[in-house]
Every structure is written in structure tokens, then in C-alpha cells.
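For the sequence shown, position 136 (counting from the first letter as 1) is numbered 369 according to this note's numbering, and the numbering increases by one without interruption.
Where a beta carbon is used, it is the ideal one built from N, C-alpha and C, also for glycine.
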Amino acid sequence: MAETKPQSFANHAKFVPLYHFVLLPLLLLNLGAAIWLLYKDPGLPSAVLLLTAAGLFLTAFYARVFPLGAQDRVIRLEERLRMADLLPEDLRHRIDELSACQMVALRFASDGELAELVRQVLDEGITNRTEIKKRIKTWRPDHCRL
């Protein structure tokens with residue numbers, strides 16, 4: 234079911250409580266305990282436990298990061314199509330100058346302010362996602378973000 238709560242810069246970040254506040258802390262604790270055990274009792278069993286703990290943590294980390302990277306590629310395509318429709322001719326030729334990071338941030342800009350914001354981003358060389366998002370006046374929500 235789609236979220237209906239209005240989205241803004243203040244609340245757009247997505248947290249998955251079981252992932253961010255349970256799984257990752259448990260895996261970090263496990264990794265810390267494995268490091269401590271290897272320090273206190275060096276040997277093959279402790280080293281294997283440390284490698285296993287590190288592998289589990291990295292698996293959980295990349296299970297989150299890889300889908301976000303794929304989603305960023307889709308967002309870039311969506312934004313290219315949107316910009317080709319909405320931007321004036323002088324800016325349409327500059328779409329290729331936008332980085333993936335800039336496009337991902339610009340997806341939150343409403344149709345009415347997109348052209349002005351793209352011009353600012355390109356002319357002022359703004360590369361920071363947070364800075365771009367802070368300049369958005371009318372937020373276009375993205376409730377599908379992973």
C-alpha cells in the first residue's frame with residue numbers, strides 16, 4: 234500500500250526498522266565480539282569466527298546497497314525522460330552534464346520548479362545531493378524508494 238504522508242526533505246529518508254535498528258546493530262555486535270575474541274584468544278577458530286562475522290556484515294550491507302544502485306539507474310532514466318519533456322530547449326541539451334547523483338536528488342523537484350533548479354545546479358556546479366534537495370520548494374514525493 235502506498236504511503237500517503239506528505240514527503241519533505243525532513244522525512245524523505247527511508248529506514249527499515251528491522252534492518253537498520255535490529256539486524257545491523259546485531260551484526261556489528263557480532264563483529265565486535267569476534268574481534269575481541271581473536272584479540273583475547275588468537276587462533277584458527279577465532280580467525281574463522283571473525284571472517285564469518287565480517288562476511289555476514291558485508292552480506293547484509295551489500296544486500297541494501299546493491300538494490301539502491303540499481304534503483305538509482307532506473308531513476309536516472311526516468312529523470313532523463315522527464316527532463317526531456319519539461320526542460321526548455323537551452324537546458325535539454327545540457328541533461329548529459331548532470332551526474333547520476335544530481336539526477337537522483339532532482340527527482341524530488343516538482344515539474345514547475347525543475348527547470349529553474351536544473352539551471353542552478355548546472356550553473357553553480359552544485360554536486361551535493363543534500364544541497365540540491367534543500368533548494369526544492371515544492372516536494373515531489375518518492376514513496377517507492379527502497
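**Request:** Quick one: give me the first and last residue of the alpha helix (DSSP H) that T292 is part of.
**Result:** Where T292 is concerned, the enclosing alpha helix (DSSP H) stretches over L277 to L319.
**Message:** Considering only the alpha carbon of each residue, which of V307, Y295, R340 and E349 lies closest to P321?
**Reply:** For P321, the nearest C-alpha among the options comes from E349.
**Request:** Please state whether DSSP places A267 in a helix, a strand or coil.
**Result:** Here A267 sits in helix by DSSP.
**Item:** Three-state secondary structure assigned by DSSP to A246
**Value:** Here A246 carries a coil assignment [DSSP, helix/strand/coil].
**Request:** Within its chain, find whatever has a CB closer than 6 Å to the CB of K247; leave out the 5 residues flanking it on each side and keep chain order.
**Result:** Once the five neighbours on either side are set aside, the close Cβ partners of K247 are R378.
**Request:** Given a cut-off of 8 Å, decide if S279 and L270 are closer than it, judged by their beta-carbon atoms.
**Result:** Going by C-beta atoms, L270 is nearer than 8 Å to S279.
**Message:** In whole angstroms, give me the CA-to-CA distance for M316 and R368.
**Reply:** So the two alpha carbons sit approximately 18 Å from each other.
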